[in-house]
Amino acid sequence: MALHAFSDITRLLVLNTDSYKTSHWLQYPPGTTTVFSYIEARGGSTPYTVFFGLQALLKEYFTEPVTDDDVALGAEVCAAHGVPFNREGWLHIVRAHGGRLPLRIRAVPEGMVVPVNHALVTVENTDPACWWLTSYVETALLRLWYPTTVATHSHATRRLIAESLARTGSLEGLPFKLHDFGARGVSSLESAMLGGMAHLVSFQGTDTMTALLGARLYYGEPMAGFSIPAAEHSTITAWGRDGELDAYRNMLRQFGKPGALLAVVSDSYDLDAAVSQLWGDALREEVIASGATVVIRPDSGDPTTVVARTVRALDAAFGSDVNAKGYKVLRHVRVIQGDGITRESIASILAALESASYSADNIAFGQGGALLQQVNRDTLGFAMKASAAEVDGQWRDVFKAPVTDPAKRSKAGRLTLMRSGTAFATVRLDSPGYQQALADGATEVLRTVYENGRLLVDDSFAAIRARAVAFEPAR
6 MALHAFSDIT RLLVLNTDSY KTSHWLQYPP GTTTVFSYIE ARGGSTPYTV
56 FFGLQALLKE YFTEPVTDDD VALGAEVCAA HGVPFNREGW LHIVRAHGGR
106 LPLRIRAVPE GMVVPVNHAL VTVENTDPAC WWLTSYVETA LLRLWYPTTV
156 ATHSHATRRL IAESLARTGS LEGLPFKLHD FGARGVSSLE SAMLGGMAHL
206 VSFQGTDTMT ALLGARLYYG EPMAGFSIPA AEHSTITAWG RDGELDAYRN
256 MLRQFGKPGA LLAVVSDSYD LDAAVSQLWG DALREEVIAS GATVVIRPDS
306 GDPTTVVART VRALDAAFGS DVNAKGYKVL RHVRVIQGDG ITRESIASIL
356 AALESASYSA DNIAFGQGGA LLQQVNRDTL GFAMKASAAE VDGQWRDVFK
406 APVTDPAKRS KAGRLTLMRS GTAFATVRLD SPGYQQALAD GATEVLRTVY
456 ENGRLLVDDS FAAIRARAVA FEPAR
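Structure follows, in structure tokens:
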């Protein structure tokens, strides 16, 4: 198999693994026929996860049959690399299964909110000759940590903003309160797509267009997110410092239509002067006459201080109305803060506005690197571990219990996840607790989503969003 493009590499599942995995087929006990593993988030930045992204990964990497050419290239690369390669094992998959992976993957429904320290996915081989395959796919499969972590963080931010809106304003605009600015700050186009989709599970505002294509391709969503015309510094500063007013006026004339939204970065030179003298004075009547809502974007300085000062200045210029909850809502204008945004800074900004009697309706947030890039596998403690193996026809527990770090003790046995109300429990399939949970009316959350090379569940993006909004973590 000749490699001509990145797409050739990504479909090569035989090498979509870590080097040391290629020798593990020689390391299991003789007589091993099945290996059962699970994936969990052991905890970290949040006490729960919003599970997302497995369907995309399965469609992209696990549904294309392995070929003779794939096996030949795998053997060639591993020989030159200095590691063993299970050529006969892979050829067996090609001959006996048409290249389709003899695996069963069970998982919680995407979009479901699950407390940490529970099994989110289980994996086992369905062909006794392929006991080694379960662990081999860990590298590719565990990358679901990334979209799940981003989805979890966006969900946590949604809850934070929703609490402020519930006290001070209206929940109607909640889906557009956190906008994805992260496409340029991630390590790859695929990261932008996966992370951008994950954000859109909880919100509908994005400038990451690749995420729209991913949601369409992998989840059947015609349009997952929306944006508005917006200025960047170059489109303002290209007019020159003396032309700043003309630059703003051009934005109004190009995009200022009744009912429209447009965002204008306004700190290229002097934010306070731009707000009070240009937007609030020279352009005030034009803003009002346009019928549009102009969203002012500060992009420097301390976020909390700058936002509070900008909102007050806009209130002085355009006025505000007091809503039914007793908080002020600006007329004709809003603010979006896209610099220095984290959950902590969002909380600080919202608290400052609330203490000054301004509604959270006045503010939206844009987030870039902190949304899509400043996460890793340890952010939520993701791991995939073997928990059971069938050897000589008998199941045995497989787990680790390191004395040097008890927190890394892994679970044992063939596992599933049960749910009763908002309570979750990871239980062994062979335990009395499993049968008792069923008898008590609990439901089994894990469902078979992939078996023997075929995807069995194809969820819509709308269904995933509905789950994320409906389920709240147990407290």
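In terms of this note's numbering, the sequence shown opens at residue 6 and continues consecutively.
Built from N, CA and C at the ideal position, the CB exists for glycine as well.
Given a threshold of 16 other Cβ atoms within 10 Å of its Cβ, counted over all protein chains shown, does GLU93 qualify as buried or as exposed?
Taking the sequence shown and counting its residues from 1, one reaches residue 93 at position 88. Its Cβ having fewer than 16 others within 10 Å, GLU93 is exposed.
Can you have a look at TYR53 and say buried or exposed, based on whether 16 or more other CB atoms are within 10 angstroms of its CB?
The count along the sequence shown starts at 1 and reaches residue 53 at position 48. Its Cβ being crowded by 16 or more others within 10 Å, TYR53 is buried.
By DSSP, does LEU461 sit in helix, in strand, or in coil?
Within the sequence shown, the letter at position 456 stands for residue 461. The answer is coil: DSSP assigns LEU461 none of H, G, I, E or B.
Between which two residues does the alpha helix (DSSP H) holding THR298 run?
The count along the sequence shown starts at 1 and reaches residue 298 at position 293. First-last for THR298: 298-302, but that is the beta strand (DSSP E), not the alpha helix (DSSP H).
Between which two residues does the alpha helix (DSSP H) holding GLY200 run?
On the sequence shown, position 195 is the one that residue 200 refers to. First-last of the alpha helix (DSSP H) with GLY200: 194-205.
Leaving out five residues before and five after LEU194 in sequence, what residues of the same chain have Cβ atoms less than 7 Å from its Cβ?
Indexing the sequence shown from 1 puts residue 194 at position 189. Closer than 7 Å at the Cβ level, and outside the excluded window around LEU194, lie THR215.
ARG336 to THR347, Cα distance in whole Å?
Position 331 of the sequence shown, counting from 1, holds the residue named residue 336. Position 342 of the sequence shown, counting from 1, holds the residue named residue 347. Approximately 27 Å between the Cα atoms of the pair.
What are the boundary residues of the beta strand (DSSP E) that includes ILE110?
One-based indexing of the sequence shown puts residue 110 at position 105. Looking at the DSSP string, the run of the beta strand (DSSP E) that includes ILE110 is 108-112.
Does the distance from the C-beta atom of ARG339 to that of ALA361 stay below 8 Å?
Numbered from 1 along the sequence shown, position 334 holds the residue referred to as residue 339. Numbered from 1 along the sequence shown, position 356 holds the residue referred to as residue 361. No, they are not a contact pair.
Would you say the region 295-309 touches the region 268-279, given that touching needs at least three Cβ pairs under 8 Å?
Yes, since at least three Cβ pairs between the region 295-309 and the region 268-279 fall closer than 8 Å, the two stretches touch.
If we call anything under 8 Å between Cβ atoms a contact, is THR22 one with ALA145?
Numbered from 1 along the sequence shown, position 17 holds the residue referred to as residue 22. Numbered from 1 along the sequence shown, position 140 holds the residue referred to as residue 145. Yes, they are a contact pair.
With C-beta atoms as the reference, is GLY48 less than 8 Å away from ASN122?
Counting from 1 along the sequence shown, the entry for residue 48 is found at position 43. Counting from 1 along the sequence shown, the entry for residue 122 is found at position 117. Contact: yes.
Output the distance between the C-alpha atoms of ASP185 and SER325, rounded to the nearest integer angstrom.
The sequence position of residue 185 within the sequence shown is 180, counting from 1. The sequence position of residue 325 within the sequence shown is 320, counting from 1. Cα-Cα distance, rounded: 28 Å.
Quick one: grab the DSSP three-state call for TYR53.
Position 48 of the sequence shown holds residue 53. Residue state, collapsed to three classes: strand.
Taking just the CA atoms, how far does THR72 sit from GLY190?
Position 185 of the sequence shown holds residue 190. Position 67 of the sequence shown holds residue 72. Roughly 36 Å between the two C-alpha positions.
Grab the span of the alpha helix (DSSP H) containing ALA77 for me, first residue to last.
As a position in the sequence shown, residue 77 is number 72, starting the count at 1. Start and end: 73-86.
Opposite ALA420 in the DSSP bridges: which residues?
Locating residue 420 in the sequence shown gives position 415, where the first residue counts as 1. A quick correction: the sequence has Leu, not Ala, at residue 420. Paired residues: ARG433.
Beta-carbon separation of THR213 and GLY225 under 8 Å?
Position 208 of the sequence shown, counted from the first residue, corresponds to residue 213. Position 220 of the sequence shown, counted from the first residue, corresponds to residue 225. No. Outside cutoff.
Where does VAL408 land, buried or exposed, given buried means 16+ other C-beta within 10 angstroms?
As a working note, residue 408 is residue 403 in the sequence shown. Looking at its Cβ environment, which holds fewer than 16 other Cβ atoms inside 10 Å, VAL408 is exposed.
First and last residue of the beta strand (DSSP E) that includes ALA188?
Reading the sequence shown from its first residue, position 183 is the one you call residue 188. ALA188 -> no beta strand (DSSP E), and no H or E assigned at all.
Return the CA-CA distance between LEU460 and GLN60, expressed in angstroms with no decimal places.
The residue labelled residue 460 in the question sits at position 455 within the sequence shown. The residue labelled residue 60 in the question sits at position 55 within the sequence shown. The straight-line gap from Cα to Cα measures roughly 8 Å.
If you check the beta carbons only, do VAL316 and TYR363 fall under 8 Å apart?
As a working note, residue 316 is residue 311 in the sequence shown. As a working note, residue 363 is residue 358 in the sequence shown. Yes, they are a contact pair.
Count Cβ pairs between the region 406-423 and the region 110-126 that sit closer than 8 Å; are there 3 or more?
The region 406-423 vs the region 110-126: in contact.
Between ALA365 and the rest of its own chain, which residues show a CB-CB distance below 6 Å, the 5 nearest in sequence each way excluded?
To locate residue 365, count along the sequence shown from 1; it is residue 360. Hits under 6 Å: SER169, LEU170, THR173, GLY174, LEU355.
Mapping DSSP to helix, strand and coil, what is TYR25?
By 1-based counting over the sequence shown, the position of residue 25 is 20. Looking at TYR25 - three-state DSSP - the assignment turns out to be helix.
Write down every uninterrupted run of the beta strand (DSSP E) in the region 245-291 whose length is 3 residues or greater and which is fully enclosed by it, in chain order.
DSSP runs (the beta strand (DSSP E)) wholly in the region 245-291: 266-270.
ILE44 to THR427, Cα distance in whole Å?
Counted from its first residue, the sequence shown places residue 44 at position 39. Counted from its first residue, the sequence shown places residue 427 at position 422. Near 21 Å, if we compare the C-alpha coordinates of THR427 and ILE44.
Could you spell out where the alpha helix (DSSP H) holding PHE323 opens and where it closes?
What you label residue 323 is simply residue 318 of the sequence shown in a count that begins at 1. 308-323 is the extent of the alpha helix (DSSP H) around PHE323.
Would you mind stating whether ARG314 and ILE341 have Cβ atoms separated by less than 8 Å?
Taking the first residue of the sequence shown as position 1, residue 314 is located at position 309. Taking the first residue of the sequence shown as position 1, residue 341 is located at position 336. No. Outside cutoff.
Could you compute how far the alpha carbon of VAL311 sits from the alpha carbon of ASN381?
Counting from one through the sequence shown, the residue named residue 311 turns up at place 306. Counting from one through the sequence shown, the residue named residue 381 turns up at place 376. For VAL311 and ASN381, the distance between alpha carbons rounds to 30 Å.
Express the C-alpha separation of HIS29 and GLY87 in angstroms, rounding to a whole number.
If you number the sequence shown from 1, residue 87 lands on position 82. If you number the sequence shown from 1, residue 29 lands on position 24. About 14 Å.
Report back the beta-carbon spacing between ALA417 and ASP397 to the nearest angstrom; my notes put them in contact at under 8 Å.
By one-based count along the sequence shown, residue 417 stands at place 412. By one-based count along the sequence shown, residue 397 stands at place 392. That pair is no contact at about 19 Å.
Cutting at 7 Å between CB atoms, please list the residues of its own chain near GLY103, excluding the five before and the five after it.
Numbered from 1 along the sequence shown, position 98 holds the residue referred to as residue 103. Answer for GLY103: PRO70, listed in chain order.
Taking its Cβ as the centre, do 16 or more other Cβ atoms sit within 10 Å of GLN372, making it buried, or is it exposed?
Position 367 of the sequence shown, counted from the first residue, corresponds to residue 372. Flag for GLN372 reads buried.
How many angstroms separate the CA atom of LYS413 from the CA atom of ALA406?
For the purposes of this step, residue 413 is taken as residue 408 along the sequence shown, with counting starting at 1. For the purposes of this step, residue 406 is taken as residue 401 along the sequence shown, with counting starting at 1. Straight-line Cα distance between these residues: approximately 7 Å.
State the DSSP-derived secondary structure class of GLU226, mapped to helix, strand or coil.
Here residue 226 refers to the residue found at position 221 of the sequence shown. GLU226 falls in the coil class under three-state DSSP.
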